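Undergrad: The opening residue of the sequence shown carries number 44 in the numbering used here; numbering runs sequentially from there.
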Amino acid sequence: MARRLRAVLLIPVVIALVLGGIRVKHSVDTWQAADDAVRVAELVQAANKYASDAINERDVSVIPLLKGERTAAAVVQARRTTDEDAKAFDRAVARMPQNSGLLRRVGLVRAGEKQLPTVRANAFTSRLAGVQTEESYHLVQHPLMEISNELGFGSNNQASFGRTLYAISLTQAAESLIRSIGTHLLAEDRGTLAPGELDTQLASFRSYAYLEKVALQEYAGAGTADDMARLRKALTAAAAQGEQQRADAAANARAAGRSYVAPPDLDKMVGEIAAGRTTAQLTAEGITPESFFAASTLGFDAYRSIEVHLTDTALAGARDIADDARRDAIINAVLVIASVLLAFLLAAWVARTMSRRMRRLSASAIEIAGQRLPALITRLSRAAPVQVDPRVAPIPITSTDEIGEVARAFDHVHREAVRLAAEQALLRGNINTIFTNLSRRNQSLIERQLALITHLEDHETDPDQLENLFRLDHLATRVRRNGENLLVLGGEKPAHQWDRPLPLIDVIRAASSEVEQYERITFSGIPEAEIHGRAVTDLVHLLAELLENATSFSSPHSEVRVTAVHLPDGRIMLEIHDQGIGLPAEDFAMINRKLANPPTVDAEISQHMGLFVVGRLAGRHGIRVQLRPGGEQSGTTSLVMLPDTITYRTAAEEPDTETLALAAVTEASSSRHGISTASFIPQEAPPLGLDGFQGYEAWNDRPADTPPPNRDENARTPRAKGARSRRRARRSPKQESSPDVSRSAPPWGTVE
């Protein structure tokens, strides 16, 4: 089918492309060249403004800088304007065509710009004597002015256009130098000049006055009649404005009762200054720094207006050419596209129906494979199969051709995949049911067994036999916890829950009593806090699994330390430290991922059942659990972050009888061994990071030679003299002010 479509479309497509490609290519090339000319014109426009404002900065700074006013408002404003022009020029450079001529000219501008800070710092000082300041600004201005020679795209004589703009820019630059040097001569104290320095300034002044005339002749030779008429009009307007300024000055002087000497015209003033007349003689003729600067500025502005007109004209012409080229390129492209479309219409009756159905089939297949099927499988894996509708919607293609057959085949594959997923979900549900049923059957037997063992313990007087009963008791407790693990794997919650808040220390003691080697577990720094009754059973189970893991994988002669701290935000951080063999870094990363996101029950769960159960229990109550390498030579540290939703801060309460008895025993032991009561004070919690673990003391490795945190020997699980006292010390938590609860009864309270 694809070959037939290509055969039908090949001939008209090739004809349309060959006939239209050449024309489109020519139009696009013209458009590109015109667009380059627009960007060149924008560059010249920015360069000329930059150059004009740079030399204007020099001119307006003469009088303030000669007076030592280097932070005068006029100086600061002029330099700010120049800097803004430099930024605009940089933006134009970034857009300009990358040809060798422009790159060379921009390189000259950059070289001059590097000298500008030095020129500004030394302007009109002894470091730049005479006319050196005025001439130094040409390091920037002249390369900028020369960029004008790149203009002229689309004009009849490109060289003539650039020559005209360059000539008027040169005229403006000469006028600026005349204005700057003349103001310098009029405002400066000539008595402080070095020998010969005045003659140098006068010679430069005369040369630039001559240069202005030469530049005007160059402009007249390169420009058109309209260009000359425009210049004469601008100069005439400048002369009229000068006459008006002199008349206004005379009127203001008369109104103020002051004498006023009307200055001559600009040419006369230039001649008098060039003749070397003294400042007093010039002032007597009305030639002052202010009058000369004002008259020269009129000529400067007139030349600037011609320059702006030429750059604007060049930019407008380039844009017109670019617009025409773009329009031609678009028209030609439309014609070619129309030809190609016309060619395709010849085969549309063959391809339209097939392509539409193929797109529908492809989109439906992608949607099924990428969205619908994965979403349905996810729902089946997380819910009971009867709660999810396993039916699938067929692909909306009803034809009987090859495309329709492919759609029906894909529907069949889709249904089979959903059926298999439903079967797997049902199998998992059955396995969970088996776990639950087996666990509940075993729980009943184990509870009876624990009740019998408790009865035997209560009536046994032989210490050795009582020790064996304790061992048997712990084995039965571990079997019961394995049964509870099966309930967790089956998604069941504990049938019995504690009916009131329970102190955290009692929760930890209850968890340690579930561990066979409970005597190796020590506590220190446990804060006075209570755990919500709904979380007691699961937290005891969670801590028991971690403590069992810590005692099983560490030396039987080492201790497993349990510490806790109450954080400022209400959470509690529990730490379980062992000195076992530890784990590789990649195993820690894998285990922590599974603790944070427990996977679906599979064969691998049997190898890490305890940690999987810990992850499930932690997820029920928002508890965070992480394993990390121990801070000492070896071992593992388990971090358990209890949220403030399951913890309480407790006020001082009256202790029960057993607590008083334990306190008496602890006090007596402390007095015998010289243990200070200060060791019972919990350490202050260090600041936490954003994730609850970062920045915490136990989360940072301690050096190998750093001793472990102080622990309170008196906070250890007591082993009172006598078998019965020892049995009570590791028994499950009690209700407040109530007798011991037998293991044959529901372990964590009476709330169903």
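Ideal Cβ placement from N, Cα and C applies to all residues, glycine included.
Remember, predicted model here, so these are calculated numbers, not experimental data.
By alpha-carbon positions, which one of T114, A116, R153 and R122 ends up nearest to F132?
TA: R153
Undergrad: What number of angstroms, rounded off, separates the C-alpha of G111 from the C-alpha of T235?
TA: 15 Å
Undergrad: Could you please give me the residues that DSSP links to A574 through a beta bridge?
TA: Here residue 574 is Ile; the residue named in the question, Ala, does not match the sequence. Paired residue(s): L545 and T690.
Undergrad: On the DSSP letters alone, give me the boundaries of the alpha helix (DSSP H) that F132 sits inside.
TA: A116 to R138
Undergrad: Using alpha carbons as the reference points, say which of A607, N91 and N165 lies closest to Y346.
TA: N91
Undergrad: Under 8 Å: do the segment 591-600 and the segment 544-553 share three or more Cβ pairs, one atom per stretch?
TA: As far as the Cβ criterion goes, the segment 591-600 does not touch the segment 544-553, which means the pair count is below three.
Undergrad: So who's on the other strand from H609, going by DSSP bridges?
TA: I615
Undergrad: Suppose the cutoff is 7 Å on Cβ atoms and the five residues either side in sequence are ignored; what does the same chain contact list for P750 look like?
TA: Legend: pLDDT at P750 = 42, less than 50; position of this residue unreliable, value from coordinates given subsequently. Excluding residues within five positions, none has a Cβ falling inside 7 Å.
Undergrad: Alpha carbon to alpha carbon, what distance is there between T326 and R297?
TA: Computed Cα separation, rounded: 18 Å.
Undergrad: Short check: CB of A217 to CB of L254, under 7 Å?
TA: yes
Undergrad: Counting C-beta neighbours from all protein chains within 10 Å, is the total for I374 16 or more, i.e. buried, or is it exposed?
TA: By the neighbour-count criterion, in which 16 or more other beta carbons inside 10 Å mark a residue as buried, I374 falls on the exposed side.
Undergrad: Looking at the unbroken alpha helix (DSSP H) that takes in L325, where does it start and where does it end?
TA: That run of the alpha helix (DSSP H) goes T322 to A327.
Undergrad: Given this structure, state the Cα-to-Cα distance separating R399 from V61, to the nearest angstrom.
TA: 29 Å
Undergrad: Give the DSSP bridge partners of V603, in chain order.
TA: BP columns for V603 point to I564.
Undergrad: Which complete alpha helix (DSSP H) runs does the segment 68-93 hold, if anything under 4 residues is left out?
TA: none
Undergrad: Using C-beta distances below 6 Å, list every residue in its chain close to A338, excluding the 5 sequence neighbours before and after it, in chain order.
TA: G285 and L309
Undergrad: Which runs of the alpha helix (DSSP H) spanning at least 4 residues fall entirely within the segment 277-354, listed in chain order?
TA: If one requires a minimum length of 4 residues, the alpha helix (DSSP H) runs lying completely within the segment 277-354 are 309-317 and 322-327, in chain order.
Undergrad: Using a threshold of 7 Å, state whether the C-beta atoms of A293 and L187 are closer than that.
TA: Their beta carbons are not under 7 Å apart, which means A293 does not touch L187 by this criterion.
Undergrad: Tell me, which residues are paired with R671 by DSSP?
TA: T680
Undergrad: Please say whether I221 and L274 have beta carbons closer to each other than 7 Å?
TA: no
Undergrad: With H, G and I counted as helix, E and B as strand and the rest as coil, what does DSSP make of L385?
TA: helix
Undergrad: Would you call the CB atoms of F167 and T176 closer than 7 Å?
TA: yes
Undergrad: Note down, in chain order, each residue of its chain lying with its Cβ closer than 7 Å to the Cβ of M652, except the 5 sequence neighbours on either side.
TA: N528
Undergrad: Take the Cβ of P439 as the centre, count every other Cβ of all protein chains shown within 10 Å, and call the residue buried at 16 or more, exposed below.
TA: exposed
Undergrad: Report all residues from its chain with a CB closer than 6 Å to the CB of D128; omit the five preceding and five following residues, and keep chain order.
TA: K92, Y93 and D96
Undergrad: Is it buried or exposed for H457, if we count other Cβ within 10 angstroms and need 16 for buried?
TA: buried
Undergrad: Tell me H620's beta-bridge partners as DSSP assigns them.
TA: R604 and T680
Undergrad: Could you give the C-beta distance for V83 and L194, rounded to a whole number, given that I count them as a contact under 8 Å?
TA: 7 Å
Undergrad: For D755, is the classification buried or exposed, using 16 other Cβ atoms within 10 angstroms of its Cβ as the cut-off for buried?
TA: Bear in mind that the predicted position of D755 carries a pLDDT of just 40, short of 50, making it unreliable; the figure below should be weighed with that in mind. That one is buried.
Undergrad: May I ask you to verify whether the segment 516-526 touches the segment 485-493, counting CB pairs closer than 8 Å and requiring at least 3?
TA: Remark: three or more beta-carbon pairs, one from each stretch, lie closer than 8 Å, so the segment 516-526 and the segment 485-493 are flagged as touching.
Undergrad: Classify L685 as helix, strand or coil using the three-state DSSP reduction.
TA: Assigned with DSSP and collapsed to three states, L685 falls in strand.
Undergrad: What does the Cβ neighbour count give for L470, buried or exposed, with the cut at 16 atoms within 10 Å?
TA: exposed
Undergrad: What is the residue span of the alpha helix (DSSP H) that Y253 lies within?
TA: E240 to A265
Undergrad: From E261 to L146, what does the alpha carbon distance come to, in whole angstroms?
TA: 27 Å
Undergrad: Would you mind working out which of P599, H502 and L685 sits nearest V583, comparing C-alpha positions?
TA: L685
Undergrad: Taking C-alpha atoms, which residue in G329, D242 and A258 lies nearest to Q215?
TA: A258
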